[in-house]
Amino acid sequence: MTSSKIEEIQDSPEIKSSETLSSKESPEIIPVETESLDENIVNEEIRFSPSQEAELVVKAEEFKISGNAFFRDLAYKSAISCYQSALDACPLYLTQYRATYYANLGICHLKLDDWGSTVKSCSEAIKNDPKYIKAYQRRALANYHINTWASLQEAMDDYKRLVEELLPENSPEMKETTRRLQELEPKLKETAERETQEMLGKLKDVGNSILGKFGLSTDMFNMEKGASGNGYSFNINK
1 MTSSKIEEIQ DSPEIKSSET LSSKESPEII PVETESLDEN IVNEEIRFSP
51 SQEAELVVKA EEFKISGNAF FRDLAYKSAI SCYQSALDAC PLYLTQYRAT
101 YYANLGICHL KLDDWGSTVK SCSEAIKNDP KYIKAYQRRA LANYHINTWA
151 SLQEAMDDYK RLVEELLPEN SPEMKETTRR LQELEPKLKE TAERETQEML
201 GKLKDVGNSI LGKFGLSTDM FNMEKGASGN GYSFNINK
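Note that UniProt numbering numbers the sequence shown so that position 66 is 66, with each residue one more than the last.
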């Protein structure tokens, strides 16, 4: 990795005030605004009664608290198991809770360098909470490490949304995210060129396997990049 390597923002799972309550107290229940819910999610599940819902929330939060404890002990796989159990217990329509559990899964996968799983978990967090800043940050960082043209483009899209829509203008994170966005631009061009050359190399191998049957090879043709820079043309060498 070059000197422009993007360093991870120091991060941790979401820990709410319910973790400091005694065993006799119920965890704080986050009020969920109906208008912020994904209508498709809400319509897919019958809502529980208030007492049933509260019981499920308590169970899910207990799993989350255990997951946070494992996370602090660097036992990321055990933390993942707990956060998944929290999701299993939590009603689908309680999207704010589910967004937190998915984001916590994301940071665990990030710590394990499992970039693909980080992207999936953070995407689910964003689906449940489209303004979840940490989920965008974690997904962008994971896509940066995947280091393909497509993943870098997705990272750039996430950073742009953070800069243009989500982050407070004068926040420290705004400056850091802007820097990351600037670093991505040349890397994206470099990766696009690399992948293009790799693809052309594979096409050349395929072409040689076919042309060889007729006593020809791709070396007999000259490939030139189009004037617009968006394509290639092939000419017979004379």
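Glycine is no exception: its CB is placed at the ideal position from the N, C-alpha and C atoms.
| field | Every unbroken alpha helix (DSSP H) inside the segment 77-137 [4 residues or more] | value | Scanning the segment 77-137 from its first residue to its last, the whole alpha helix (DSSP H) runs of 4-plus residues come out as 95-111 and 115-128.
| message | Please classify Thr148 as buried or exposed, where buried requires at least 16 neighbouring CB atoms within 10 angstroms. | response | Result: exposed.
| query | Which residues bound the alpha helix (DSSP H) around Pro168? | reply | For Pro168, there is no enclosing alpha helix (DSSP H), as DSSP marks it with neither H nor E.
| query | Taking the Cβ atom as the reference point for each residue, do Lys134 and Ala103 lie within a distance shorter than 8 Å? | reply | Inclusion of Lys134 and Ala103 in the CB contact set at 8 Å is warranted, their separation being smaller than that value.
| Which class does Ser49 belong to by DSSP, given the choice of helix, strand or coil? | Correct three-state label for Ser49: coil.
| query | In chain order, what residues of the same chain have a beta carbon less than 6 Å from the beta carbon of Lys59, not counting five sequence neighbours either side? | reply | Sequence-distant partners of Lys59 (beyond 5 residues in either direction) whose C-beta falls short of 6 Å from its own C-beta, in its chain, are Ala89.
| Is the beta carbon of Val119 less than 8 Å from the beta carbon of Ala142? | A Cβ-Cβ contact shorter than 8 Å links Val119 with Ala142.
| Spatial neighbours of Ser66 in its chain, beta-carbon cut-off 6 Å, leaving aside the 5 residues before and after | The residues Cys82, in chain order, have a CB closer than 6 Å to that of Ser66 in the same chain once the five nearest residues on each side in sequence are set aside.
| What does a CB cutoff of less than 8 Å around Arg161 pick up in its chain, not counting 5 residues either side in sequence? | Here the set comprises Tyr136.
| Span separating the alpha-carbon of Glu190 from that of Tyr159 | The alpha-carbon atoms of Glu190 and Tyr159 are separated by roughly 19 Å.
| task | Give every residue of the same chain whose Cβ lies closer than 6 Å to the Cβ of Met156, excluding the five residues on either side of it in the sequence, and list them in chain order. | result | Here the set comprises Leu184.
| field | Chain-order list of residues whose beta-carbon lies under 7 Å from that of Pro186 (same chain, five-residue window excluded) | value | Taking C-beta separations shorter than 7 Å and ignoring five residues to either side along the sequence, Pro186 has no partners in its chain.
| Buried or exposed (CB count within 10 angstroms, at least 16 for buried), Glu164 | Per the 10 Å Cβ criterion, exposed.
| request: Measure the C-alpha to C-alpha separation of Gln84 and Glu62 and round it to an integer number of angstroms. | output: Between the C-alpha atoms of Gln84 and Glu62 there is a straight-line separation of about 12 Å.
| task | With DSSP collapsed to three states, give me the class of Leu181. | result | Looking at Leu181 - three-state DSSP - the assignment turns out to be helix.
| message | Could you tell me the alpha carbon to alpha carbon distance between Ala96 and Gln182, rounded to whole angstroms? | response | Correcting the residue identity first, residue 96 is Gln in this sequence and not Ala. Computed Cα separation, rounded: 32 Å.
| request: Under 6 Å Cβ to Cβ from Ser106, same chain only, skipping five residues before and after it: list those, please. | output: The residue asked about is misnamed: residue 106 is Gly in this sequence, not Ser. Only Thr118, Ser121, Cys122 and Arg138 meet the Cβ criterion.
| task | State yes or no: is the C-beta of Lys111 within less than 8 Å of the C-beta of Tyr76? | result | For Lys111 and Tyr76, yes; Cβs fall inside 8 Å.
| query | Skipping 5 residues on each side, what residues in its chain have a beta carbon closer than 6 Å to that of Ala125? | reply | Answer for Ala125: Ala99, Tyr102, Ala103, Tyr132 and Ala135, listed in chain order.
| field | Span separating the alpha-carbon of Leu56 from that of Gly116 | value | Distance between the alpha carbons of Leu56 and Gly116 is about 29 Å.
| query | If you draw a straight line from the alpha carbon of Ala140 to that of Ala79, how long is it in whole angstroms? | reply | Each residue's alpha carbon lies about 22 Å from the other.
| task | Quick one: residues in its chain with C-beta nearer than 6 Å to the C-beta of Cys108, no 5 flanking neighbours on either side, listed in chain order? | result | Residues Tyr76, Ala79 and Ile80 of the same chain have their beta carbon placed closer than 6 Å to that of Cys108, with the five preceding and five following residues left out of the count.
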